[in-house]
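Residue numbers (my numbering), protein chains in the order written: chain A, 263 to 661; chain B, 263 to 661.
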């Protein structure tokens with residue numbers, strides 16, 4: 263059968279992701295030092311504690327952990343999440359406000375299913391998380407890109423664009439932001455910017471999706487209030503266990519108004535019925551013994567040091583040639599190349615001639631910008647390879 | 263915020279599922295003997311072997327098993343699936359034809375994302391799997407319902423409907439069938455019916471989605487060829503590990519043309535990025551040691567006996583009053599009540615007055631039919647409760 267004649271319209275919108283995947287695959291050659299992937303460092307997984315938690319789940323509750331669970335998530339895990347958000351993020355949520363999802367991506371997918379029609383408009387950062395762009399493309403919505411400055415999403419530009427759209431009779435269905443240690447820029451919205459964002463979204467009556475993925479991985483400085491704590495009703499928070507526990511369980515959550523949670527759960531019946539029960543019980547067992555808090559402390563220590571090594575190497579090899587963000591947390595450094603650079607061409611050159619890789623900037627923009635930028639991740643790469651990788655990258659840039 | 267004003271159009275289509283959930287919840291009262299849920303019997307999970315497999319995964323490959331995996335699935339598991347389909351189902355597939363999914367429901371969701379637009383038409387059985395109906399509703403497609411007789415989907419009726427639609431210039435985008443031990447009817451398409459179905463779908467050039475969920479749980483008689491083996495190009499097979507292993511890992515797969523697999527994988531980036539890696543490695547470790555084959559044999563023994571107990575009890579208490587299907591495999595018996603019965607009213611009565619529950623028939627039909635029918639599941643209920651439950655059901659029916 264000629265399947266390609268049968269593909270739905272959305273597949274056309276997703277074609278650009280094929281090119282992204284192929285570009286990312288280039289980085290996977292064996293002798294390449296890669297700053298491309300956003301994977302956690304496997305050394306942050308405390309295998310012994312995880313093994314113990316799994317033993318306990320299987321020994322104490324095995325047959326239940328291996329069967330279907332509630333569509334909204336394992337009740338004790340929902341309670342643990344709500345309690346954590348209350349204490350850590352000062353977000354007034356309880357079990358009814360929490361839906362356990364199959365990772366942060368499914369959280370966003372369910373939000374789109376519940377709130378968006380094809381042709382709707384959403385606001386995203388320029389740059390933003392590339393898989394979020396993919397999710398929005400799959401839902402065939404229009405994206406309005408708002409620049410970032412050193413304090414994250416530029417709310418003056420946002421207000422101007424919302425005003426323009428308003429005069430055209432158009433109102434975005436949501437604003438998607440990653441306020442802390444943004445992927446890919448590493449930038450964080452300061453508290454004024456957060457208040458500003460909420461004020462503008464109230465004025466234009468637009469809901470906010472707050473992607474909280476990296477917020478717990480703060481290396482220094484005081485935590486900045488989550489949008490969810492500042493505007494509990496307007497903000498839908500998505501979170502993943504991938505950065506505070508491990509991606510391999512594919513778990514995350516949405517925190518939102520209970521009426522919205524019920525609809526998201528209704529959509530989830532038709533995506534995968536429930537998040538995997540075994541993983542949920544493992545995470546709960548581990549988390550309730552203090553595993554996640556301990557792991558996050560150790561992860562912060564490890565990633566902070568990796569960031570320091572990367573920033574020092576950048577200063578040594580690339581000062582005066584390129585500029586970079588210095589993240590206070592998370593996984594990423596964002597490089598800005600000289601004007602009229604082509605980061606995709608640089609990537610191909612760097613892989614071939616210097617055996618080093620990164621993610622070229624364009625994939626993080628909804629509108630094709632980004633040729634001057636590239637993302638470096640220090641999370642997965644072995645510490646002792648960072649300096650050598652940056653040296654190679656500098657060679658490629660200078661060539 | 264008034265979230266309900268913001269829900270997308272599809273949420274209206276899903277409203278009927280809320281009523282279904284509430285009805286299913288009624289069955290969960292503590293002293294009710296319930297034939298409602300389609301859960302596997304937890305006694306079929308060989309806890310020791312599963313624990314051993316998990317120990318090995320965590321000990322040998324823990325840090326990899328806890329990280330992200332390939333979007334198409336763990337390579338060794340894809341190979342194991344392809345090999346199993348080759349030997350067991352005589353379906354000529356290899357790794358490129360397999361996508362590991364987060365269960366059978368996600369498999370169908372991804373197929374819908376890839377092939378369907380709102381307003382498209384799909385063909386379903388009357389009755390059929392209620393979550394499949396939910397998935398199709400979420401994708402806002404029109405459903406054409408085709409009756410079943412004792413040999414499964416009535417292909418004469420199908421041909422007539424396709425012909426009618428064709429004259430209206432309408433062609434369904436797919437036919438969804440569960441050929442073996444259908445949920446909810448327990449019925450199986452014989453080989454003539456299968457050939458007939460393929461011939462008709464070839465004539466009208468419609469792809470077939472073959473839900474293989476229960477096919478391995480055959481109690482007696484010779485296996486009947488999978489549609490996938492008879493028409494490899496036209497058939498998209500979906501399968502779940504929930505019935506041959508355990509639902510708690512939320513894993514399944516799609517077997518299809520490699521060009522289609524690539525597009526499904528592209529959609530999967532935006533649903534949950536990859537199926538949970540830990541579960542995939544557990545399943546592979548367990549399966550490659552012969553665990554699944556051994557488990558299926560034991561499950562068949564156990565479910566066959568439960569079916570026998572249920573059929574005997576029905577014969578004792580309800581002969582001449584209702585009729586029922588006698589499944590050769592799977593989880594379900596389908597009851598047909600006297601004309602002008604109301605199975606939903608019967609359910610409410612049975613729960614309240616006889617403390618027994620089932621699933622009322624309407625939820626398995628796209629078009630509101632089914633008031634004369636009800637589904638009894640013998641899979642989860644303890645063996646020694648089946649006879650008493652059927653006695654109570656008979657009381658309710660006779661009252």
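Glycine included, every Cβ here is placed at the ideal spot set by N, Cα and C.
Cut-off 6 angstroms between Cβ atoms - residues of its own chain near residue i, not counting five sequence neighbours on either side
i                      : result
residue 501 of chain A : 474, 514, 515
residue 288 of chain A : 613
residue 367 of chain B : 393
residue 301 of chain A : 642
residue 468 of chain B : 434, 437
residue 318 of chain B : 547
residue 527 of chain B : 333, 334, 361
CB contact check: residue i to chain A, cutoff 9 angstroms
i                      : result
residue 309 of chain B : yes
residue 383 of chain B : no
residue 559 of chain B : no
residue 532 of chain B : yes
residue 316 of chain B : yes
residue 280 of chain B : yes
residue 660 of chain B : no
residue 539 of chain B : yes
residue 519 of chain B : yes
residue 554 of chain B : no
residue 525 of chain B : yes
As assigned by DSSP and simplified to three states, the class of residue i
i                      : result
residue 635 of chain A : strand
residue 333 of chain B : coil
residue 271 of chain A : helix
residue 327 of chain B : helix
residue 499 of chain A : strand
residue 439 of chain A : strand
residue 386 of chain B : strand
residue 581 of chain A : coil
residue 570 of chain A : helix
residue 411 of chain A : strand
residue 550 of chain A : helix
residue 527 of chain B : helix
residue 645 of chain B : helix
residue 597 of chain A : strand
residue 378 of chain B : coil
Proximal residues to residue i (C-beta, below 7 angstroms), its chain only, five neighbours per side dropped
i                      : result
residue 588 of chain B : 573
residue 494 of chain A : 353, 354
residue 377 of chain B : 435, 436
residue 561 of chain B : 306, 479
Below-9 angstroms beta-carbon distance, residue i vs any chain B residue
i                      : result
residue 512 of chain A : yes
residue 356 of chain A : no
residue 379 of chain A : yes
residue 389 of chain A : no
residue 633 of chain A : no
residue 400 of chain A : yes
Beta-carbon proximity of residue i to residue j, cut-off 9 angstroms
i                      : j                      : result
residue 544 of chain B : residue 540 of chain A : yes
residue 388 of chain A : residue 632 of chain A : yes
residue 386 of chain B : residue 622 of chain B : no
residue 645 of chain A : residue 579 of chain A : no
residue 447 of chain A : residue 480 of chain A : no
residue 363 of chain B : residue 440 of chain B : no
residue 311 of chain A : residue 553 of chain A : yes
residue 506 of chain B : residue 558 of chain B : yes
residue 535 of chain B : residue 296 of chain B : no
residue 381 of chain A : residue 402 of chain A : yes
residue 655 of chain B : residue 586 of chain B : no
residue 499 of chain B : residue 472 of chain B : yes
residue 395 of chain A : residue 620 of chain A : no
residue 414 of chain A : residue 455 of chain A : yes
Cβ of residue i within 9 angstroms of any chain E Cβ
i                      : result
residue 397 of chain A : Protein chains A and B are contained in the structure displayed, whereas chain E is not.
Any residues in the stretch 477-496 of chain A with a beta carbon nearer than 7 angstroms to a beta carbon of chain B? Which ones, in chain order? Flagged, chain order: 495, 496.
Residues of the stretch 264-275 of chain A with Cβ closer than 8 angstroms to any Cβ of chain B, in chain order: Those residues of the stretch 264-275 of chain A placed with their C-beta closer than 8 angstroms to a C-beta in chain B are 265, 266, 268, 269, 270, 271, 272, 273, ordered along the chain.
Please name the residues in the stretch 426-449 of chain A whose beta-carbon is closer than 8 angstroms to at least one beta-carbon of chain B, in chain order. The residues in question are 435.
Where the stretch 360-371 of chain B meets chain A: residues whose CB sits under 7 angstroms from a CB there: Listed in sequence order: 364, 365, 367, 368, 371.
Taking beta-carbon pairs under 9 angstroms, can you tell me which members of the stretch 450-473 of chain B lie near chain A? Closer than 9 angstroms at the C-beta level to chain A, one finds these residues of the stretch 450-473 of chain B: 467, 469.
Check each residue of the stretch 323-342 of chain B: if its Cβ is closer than 9 angstroms to any Cβ of chain A, include it; give the result in chain order. Here the close residues are 324, 325, 326, 327, 328, 329, 330, 331, 333.
Listed in chain order, which residues of the stretch 616-648 of chain A have Cβ atoms closer than 9 angstroms to some Cβ of chain B? Here the close residues are 642.
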